[in-house]
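Going by my numbering, the sequence shown opens with residue 189, and the numbers climb by one from there. Where is the CB? At the ideal position from N, CA and C, for every residue including glycine.
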Amino acid sequence: MYKALTDEDAPLPEDISVDTTLKDKVPAALFAVNVGVVLYFAVAWGLPNINTFEFTNHKSDEKRSQGVSLLVVTALVGLVGAVLSALWLRVLQLYAARIISITLQLTVVALLVASVSGFFEAGLAGQAIGLGNLFLAVSLALYYYSVRHRIPFAAANLAAATKIIHRFPQVVVAAYAVIAAQVAWTLLWTVALVGFFAKTYESSGIPGSVQSSSTVNVCVFFLLLSLLWGLQVLRNIVHCTTAGTVGEWWFSPHPEGAVKRALQRSLSTSFGSICFGSLVVAALASMRFVLLTAKRRKSRSS
């Protein structure tokens with residue numbers, strides 16, 4: 189179905205000029221400032237307080253502070269996520285042609301099991317959850333039945349993408365490196381968060397309290413935006429590297445070194461555009477998180 193350019197095909201013209209100017213310099217500079225601020229918070233405020241800082245007056249573990257506990261939990265969550273991501277990537281490589289059908293079928297089964305469990309729960313809430321899961325299961329089953337004839341085409345696309353990954357294993361290495369970078373960025377951000385609250389509590393003079401909740405809430409929102417922005421940038425670097433590799437493989441009969449060149453473009457000429465797009469996504473995700481949190485707090489208070 190898919191055929192990249194070979195030696196027998198006419199190559200692209202050699203005189204095509206490549207634009208090497210940096211795109212979207214302002215978002216790239218803002219991202220550099222973002223990393224610098226987080227690094228400053230972590231080194232200047234976080235590290236000196238990580239072993240002693242307590243978010244509340246109720247200490248649950250005498251061996252380590254709540255700041256260290258938060259760091260340990262973040263590290264464990266990051267490692268679990270990294271392992272699951274690596275396993276999922278391996279599953280895609282091995283079962284690309286069947287993964288779509290298997291995923292849809294397993295989702296239907298899981299929803300049916302959740303529906304049965306909900307019906308066995310006492311009370312109206314359990315029955316409502318069971319009915320909702322049953323509706324989702326039936327809807328997904330009908331969707332699967334209606335698009336089943338299109339699944340082979342989608343599976344062929346996925347299989348072709350998997351072959352490209354086998355052709356360029358450096359893409360997988362880059363993906364693993366970015367996963368490690370995301371874990372490291374999350375840990376650094378966690379230390380910075382501890383440092384921010386330690387400085388805030390120090391200014392208030394009362395552990396577990398702050399002077400201005402509105403100011404702190406705004407600062408926490410920007411810290412959340414900073415975390416999500418960094419994760420999105422790292423994620424999109426891999427996306428752009430993979431896209432650039434596939435494009436060069438498709439249009440060039442000799443794509444040796446395609447991953448290196450694509451990565452260089454992602455970290456240079458296209459980095460500002462990556463930062464800008466990632467900022468938009470991170471801002472929307474942050475606002476969505478704030479709105480959901482406010483909704484939950486309102487429901488609890490009522």
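Inspect the beta-carbon positions of residue i and residue j and report whether they are closer than 9 Å.
i, j, result
"A230", "W377", "yes"
"T262", "S253", "no"
"A380", "L411", "yes"
"I367", "S474", "no"
"P215", "G460", "yes"
"V359", "T433", "yes"
"L210", "T457", "yes"
"A386", "Q420", "no"
"L324", "L299", "yes"
"I352", "W276", "no"
"F356", "A284", "no"
"A349", "V296", "no"
"H337", "Q281", "no"
"L422", "A369", "yes"
"D439", "D212", "The amino acid occupying residue 439 in the given sequence is Phe; Asp does not appear at that position. No, these two residues do not count as a Cβ contact at 9 Å."
Quick one: give me the first and last residue of the alpha helix (DSSP H) that residue i is part of.
i, result
"H442", "Unbroken run through H442: none, as it is neither H nor E."
"S303", "I287 to F308"
"K211", "K211 -> no alpha helix (DSSP H), and no H or E assigned at all."
Mapping DSSP to helix, strand and coil, what is residue i?
i, result
"F356", "coil"
"R423", "helix"
"L227", "helix"
"I317", "helix"
"Y283", "coil"
"L455", "coil"
"S253", "coil"
"I462", "helix"
"N237", "helix"
"V398", "For V398, the predicted structure reports a pLDDT of 49, less than 50, and the residue's modelled location is therefore unreliable. The matter cannot be settled from this model."
With a threshold of 7 Å on Cβ separation, who are the neighbours of residue i within its own chain once the five nearest residues in sequence on each side are excluded?
i, result
"V256", "I238 and N239"
"L451", "A362 and T429"
"L467", "P215 and W417"
"H427", "none"
"V226", "L376, W377, A380 and S414"
"Y364", "A274"
"P443", "E436 and W437"
Please confirm whether residue i has its beta-carbon closer than 9 Å to some beta-carbon of chain D.
i, result
"A473", "Chain labels in this structure do not include chain D; a single protein chain is all it has."
Got a sec? Which residues, its chain only, sit under 6 Å from residue i by beta carbon, not counting five neighbours each side?
i, result
"G318", "S303, G306 and F307"
"L415", "W377"
"Y331", "none"
"L322", "S303"
"F219", "C463"
"C407", "none"
For residue i, which residues in the same chain have their Cβ closer than 8 Å to its Cβ, ignoring the five residues on either side in sequence?
i, result
"L375", "L259, T262, A263 and G266"
"V268", "none"
"N222", "S414, W417 and G418"
"I462", "V421, N424, I425, C428 and S454"
"V279", "I287"
Cβ contact check for the stretch 338-346 and the stretch 281-293: 3 or more pairs under 8 Å: Contact between the stretch 338-346 and the stretch 281-293 is present, because at least three Cβ pairs lie under 8 Å.
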